[in-house]
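Asks: All residue numbers for the sequence shown refer to my numbering, where the first residue is 15 and numbers rise by one.
Think of the CB as a built atom: it goes at the ideal place given N, C-alpha and C, for glycine as much as any other residue.
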Amino acid sequence: MYNILVVDDEPLICKGLAGLLTSSGLGIGTIYTAYSGHEALDYIRMEEIDLLVTDIQMGEMNGIELMHQAKMIKPWVQTIIISAHETFQYAQMALRLGARDYLIKPLGREQFLDSVRNTLLKMDKPVPQIDDFLLQDTEHFHMEELEPEQNERLKTLLAANMPAGEDAGLRELENELGVRGPYFSIIKLSLDHRKTGGGDRENAYTDRDAKLFRYASLNVAKELLYKEWNALACYSADWEISILLQWNEAEYAELDVNKINQLEMIGRSLHHHVNKYLGIEATVGISQILRGAEFLSVLSRQAEKAILWGAEQGDYHVFYYGDFNWNNFTQDPSAEELSSQNNRIVQSAKQYIEGNYSQKGLTIHDVAKKNHVSPNYLSYLFKKNTGYNLWEYVIKLRMEESKSLILNTDLRRYEIAERVGYESPEHFSKIFKKHFGVSPSDLKK
Numbered sequence: 015m016y017n018i019l020v021v022d023d024e025p026l027i028c029k030g031l032a033g034l035l036t037s038s039g040l041g042i043g044t045i046y047t048a049y050s051g052h053e054a055l056d057y058i059r060m061e062e063i064d065l066l067v068t069d070i071q072m073g074e075m076n077g078i079e080l081m082h083q084a085k086m087i088k089p090w091v092q093t094i095i096i097s098a099h100e101t102f103q104y105a106q107m108a109l110r111l112g113a114r115d116y117l118i119k120p121l122g123r124e125q126f127l128d129s130v131r132n133t134l135l136k137m138d139k140p141v142p143q144i145d146d147f148l149l150q151d152t153e154h155f156h157m158e159e160l161e162p163e164q165n166e167r168l169k170t171l172l173a174a175n176m177p178a179g180e181d182a183g184l185r186e187l188e189n190e191l192g193v194r195g196p197y198f199s200i201i202k203l204s205l206d207h208r209k210t211g212g213g214d215r216e217n218a219y220t221d222r223d224a225k226l227f228r229y230a231s232l233n234v235a236k237e238l239l240y241k242e243w244n245a246l247a248c249y250s251a252d253w254e255i256s257i258l259l260q261w262n263e264a265e266y267a268e269l270d271v272n273k274i275n276q277l278e279m280i281g282r283s284l285h286h287h288v289n290k291y292l293g294i295e296a297t298v299g300i301s302q303i304l305r306g307a308e309f310l311s312v313l314s315r316q317a318e319k320a321i322l323w324g325a326e327q328g329d330y331h332v333f334y335y336g337d338f339n340w341n342n343f344t345q346d347p348s349a350e351e352l353s354s355q356n357n358r359i360v361q362s363a364k365q366y367i368e369g370n371y372s373q374k375g376l377t378i379h380d381v382a383k384k385n386h387v388s389p390n391y392l393s394y395l396f397k398k399n400t401g402y403n404l405w406e407y408v409i410k411l412r413m414e415e416s417k418s419l420i421l422n423t424d425l426r427r428y429e430i431a432e433r434v435g436y437e438s439p440e441h442f443s444k445i446f447k448k449h450f451g452v453s454p455s456d457l458k459k
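1. Excluding sequence positions up to five away, which residues of its chain have a Cβ less than 7 Å from the Cβ of Y104?
2. Can you tell me whether D346 is buried or exposed, with buried defined as 16 or more other CB within 10 angstroms of its CB?
3. How far does the beta strand (DSSP E) with D115 in it extend, from its first residue to its last?
4. For I367, which of helix, strand or coil comes out of DSSP?
5. Terminal residues of the continuous alpha helix (DSSP H) containing S301?
6. Do A84 and L66 have their C-beta atoms closer together than 8 Å?
7. Using a 10 Å radius around the Cβ and a threshold of 16 neighbouring Cβ atoms, would you call M75 buried or exposed?
8. Restricting to Cα atoms, I'd like to know which of K119, D115 and E429 is closest to N132.
9. Three-state secondary structure (DSSP) at N76?
10. Please look up how many angstroms separate the CB atoms of C28 and T47, rounded, as I've assumed it's under 8 Å.
11. Output needed for K374: all residues of its chain with C-beta closer than 7 Å, excluding positions within five of it in sequence on either side, in chain order.
12. Is E163 helix, strand or coil when you go by DSSP?
13. Verify the CB distance criterion: does I255 have a CB-CB separation below 8 Å to chain C?
14. Would DSSP call V408 helix, strand or coil?
15. Excluding five sequence neighbours on each side, which residues of the same chain lie with their C-beta closer than 7 Å to the C-beta of N165?
16. Cutting at 8 Å between CB atoms, please list the residues of its own chain near L117, excluding the five before and the five after it.
17. State buried or exposed for L26, treating a residue as buried only when at least 16 other CB atoms are found within 10 Å of its CB.
18. Less than 8 Å between the C-beta atoms of L457 and K410, yes or no?
19. Checking 8 Å against the spacing of the C-beta atoms, do Y407 and I367 come in under that value?
20. Residues bridged to C248 by DSSP?
21. Hey, out of E163, I321, T423 and I200, whose CA is closest to E190's CA?
22. Just grab the DSSP bridge partners of K202 for me.
23. Given 8 Å as the limit, is there contact between the stretch 222–235 and the stretch 260–269, that is, 3 or more CB pairs closer than that?
24. If you reduce the DSSP assignment to three classes, tell me which class F147 lands in.
25. If you reduce the DSSP assignment to three classes, tell me which class F338 lands in.
26. Below 6 Å CB to CB, which residues in the same chain sit around V20 once its five sequence neighbours on both sides are set aside?
27. When DSSP labels each residue in this structure, what does W90 get in the three-state scheme?
28. Inspect the beta-carbon positions of F198 and L246 and report whether they are closer than 8 Å.
29. Please return the same chain residues whose Cβ sits closer than 7 Å to the Cβ of L292, not counting the five positions on each side in sequence.
30. The alpha helix (DSSP H) spanning N289 covers which residue range?
31. Using the Cα positions of H449 and M413, report the straight-line distance between them to the nearest angstrom.
32. Alpha carbon to alpha carbon, what distance is there between L395 and N356?
33. Report the three-state DSSP secondary structure of D221 (helix, strand or coil).
34. Quick test of your reading: L172 and S256, contact by CB under 8 Å. State the CB separation rounded to the nearest angstrom.
35. Please tell me whether F333 and V298 are closer than 8 Å, where the distance is taken between their beta carbons.
36. Please name the residue or residues paired with Y57 in a DSSP beta bridge.
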């Protein structure tokens, strides 16, 4: 049974779509409805949402941004976008972020339900087991590798292993491989080669296993990235894949979406899908974005450094190079220095939240931006250092303030909701009851 969240700033449309789903006979658990992107994000943070159905043009947060933030929070959430306009730019961006469908209003009943049905069927496909391949007789198993010469050429380009004075050779390589840019970033996927379960089989993967896992991981990356991200990839080590992402001028400027958040979303999706389909962990290192192919080797080293930094964390797997202020250190920071900086980030985040929790439309992205780190790394640090989720802390402060206002003032529900950062009194009441177990009106009584 799947849980579906329907989002539209027109309540009649929202309720109408929810009604169609309720009477559809599909394997649906709970259907949630939200009338704004911010309200929808609360559901995504607090509930188990499998499918997001959202209108594209809504108030302060459009459907593309909602989808993007939802993928940042939970990479496995699938999305169907609904729009009143057949805008190519929006459709292209939605598909690039992984939307399952892009539907144009007015919707036909069967058209809508077919889209939902197809999406649920794809989510319900059995997960292939990598062990099925590992147990096959090598003689009868054919694995299609990357073309060796092309792999080595891209590997050479990313490492800049060209003799001095051979810039012309680099330019020729770029043209042959389809390196266009002019904006680039590199993601490195480092696969964990240690077997779980202990005993004699600990760390016992064979060379053939390594090739298979690496090949399978490359196919996961292709499935996620190749169609929409102009991605190129190579095997950069026995247990490592390097992925080059590139944008032209128009793509880089499109819809003013934060590209760093976009990269982290890709990294989280890669980690999630490799773990889901292959049953192994992976550490993902993400470089910054730089303009010009001459910086590819710099980006490659950044991604590598992000992975090495990630080894210090243990329980977190996706690292962006820019999350740590390397300029403060003449050499790689020690564990103590890293811990000290992380503590400062969390304390600064708490102070910002305590001063701004009543701000309408406050997001984790706002808190992260003030602290110069990516949203998911901030969320990880906050949970690790305080023991509770960052957004739970925001809600806790909002609920404590609203409880005090209910008990000590004559303010109406909508006035209290507005004071603690909620546009909708109904949404405020839902959050309040979930937090305290009673409604605001029952508490007042």
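Replies: Reading it off the structure:
1. What you label residue 104 is simply residue 90 of the sequence shown in a count that begins at 1. Counting only Cβ-Cβ distances below 7 Å, and skipping sequence neighbours, we find I70, I78 and S97.
2. Here the question's residue 346 lines up with position 332 in the sequence shown. Under this definition D346 is an exposed residue.
3. Stepping through the sequence shown from its first residue, residue 115 is reached at position 101. Counting along the chain, the beta strand (DSSP E) containing D115 begins and ends at D115 to I118.
4. For the purposes of this step, residue 367 is identified with residue 353 of the sequence shown, where counting begins at 1. Three-state DSSP puts I367 in a helix.
5. Position 287 of the sequence shown, counted from the first residue, corresponds to residue 301. No alpha helix (DSSP H) contains S301, which DSSP labels as neither H nor E.
6. Within the sequence shown, residue 84 is the residue found at index 70, counting from 1. Within the sequence shown, residue 66 is the residue found at index 52, counting from 1. Against a cut-off of 8 Å, the Cβ pair of L66 and A84 comes out as a contact.
7. By 1-based counting over the sequence shown, the position of residue 75 is 61. Per the 10 Å Cβ criterion, buried.
8. Position 118 of the sequence shown holds residue 132. Answer by Cα proximity: D115.
9. To locate residue 76, count along the sequence shown from 1; it is residue 62. Reduced to three states, the DSSP call for N76 is coil.
10. The sequence position of residue 28 within the sequence shown is 14, counting from 1. The sequence position of residue 47 within the sequence shown is 33, counting from 1. Rounded, the Cβ-Cβ distance is 5 Å, consistent with contact.
11. In the sequence shown, residue 374 corresponds to position 360, counting from 1. Only G435 and E437 meet the Cβ criterion.
12. Position 149 of the sequence shown, counted from the first residue, corresponds to residue 163. Reduced to three states, the DSSP call for E163 is helix.
13. Among the chains in the structure shown there is no chain C, since it carries only a single protein chain.
14. Translated into the one-based positions of the sequence shown, residue 408 becomes position 394. It is helical.
15. Looking up residue 165 in the sequence shown gives position 151. Closer than 7 Å at Cβ, skipping near neighbours: C248 and Y249.
16. Residue mapping note: residue 117 aligns to position 103 of the sequence shown, counting from 1. Answer for L117: I94, I95, I96, S97, Q125, F126 and S129, listed in chain order.
17. Locating residue 26 in the sequence shown gives position 12, counting from the first residue. By the 10 Å Cβ count, L26 comes out exposed.
18. Residue 457 sits at position 443 when you count from the first residue of the sequence shown. Residue 410 sits at position 396 when you count from the first residue of the sequence shown. Contact: no.
19. Residue numbering aside, residue 407 sits at position 393 when the sequence shown is read from its first letter. Residue numbering aside, residue 367 sits at position 353 when the sequence shown is read from its first letter. A contact, by the Cβ cut-off of 8 Å.
20. By 1-based counting over the sequence shown, the position of residue 248 is 234. Paired residues: S256.
21. Translated into positions along the sequence shown, residue 190 becomes position 176. Cα-wise, what sits closest to E190 is E163.
22. Counting from one through the sequence shown, the residue named residue 202 turns up at place 188. Its beta-bridge partners are S256 and G299.
23. no
24. What you label residue 147 is simply residue 133 of the sequence shown in a count that begins at 1. Note that F147 scores 43 on pLDDT, short of 50, meaning its location in the model is unreliable; the coordinates nonetheless yield the value given after this. Of the three classes helix, strand and coil, the one that applies to F147 here is helix, per DSSP.
25. Working through the sequence shown from its first residue, we reach residue 338 at position 324. If DSSP states are grouped into helix, strand and coil, F338 belongs with coil.
26. Taking the first residue of the sequence shown as 1, we reach residue 20 at position 6. Taken in chain order, the residues that qualify are C28, L31, A32, T47 and V67.
27. Here residue 90 corresponds to residue number 76 of the sequence shown, with the count starting at 1. Coil.
28. Counting from 1 along the sequence shown, the entry for residue 198 is found at position 184. Counting from 1 along the sequence shown, the entry for residue 246 is found at position 232. It is not a contact, given that the beta carbons lie outside the stated cut-off.
29. What you label residue 292 is simply residue 278 of the sequence shown in a count that begins at 1. Cβ within range, chain order: I144, F227, A230 and S231.
30. Within the sequence shown, numbered from 1, the residue matching residue 289 stands at position 275. Start and end: K273 to L292.
31. Position 435 of the sequence shown, counted from the start, is the residue given in the question as residue 449. Position 399 of the sequence shown, counted from the start, is the residue given in the question as residue 413. Rounded to whole angstroms, H449 to M413 spans 7 Å at the Cα level.
32. Start at 1 with the first residue of the sequence shown, and residue 356 comes out as number 342. Start at 1 with the first residue of the sequence shown, and residue 395 comes out as number 381. Cα to Cα, the separation comes out at about 7 Å.
33. For the purposes of this step, residue 221 is taken as the residue at position 207 of the sequence shown. Three-state DSSP puts D221 in a helix.
34. Residue mapping note: residue 172 aligns to position 158 of the sequence shown, counting from 1. Residue mapping note: residue 256 aligns to position 242 of the sequence shown, counting from 1. So it is a contact: roughly 6 Å between Cβ atoms.
35. Taking the first residue of the sequence shown as 1, we reach residue 333 at position 319. Taking the first residue of the sequence shown as 1, we reach residue 298 at position 284. In this structure, V298 lies closer than 8 Å to F333 by Cβ.
36. Residue mapping note: residue 57 aligns to position 43 of the sequence shown, counting from 1. Paired residue(s): none; Y57 is not in a bridge.
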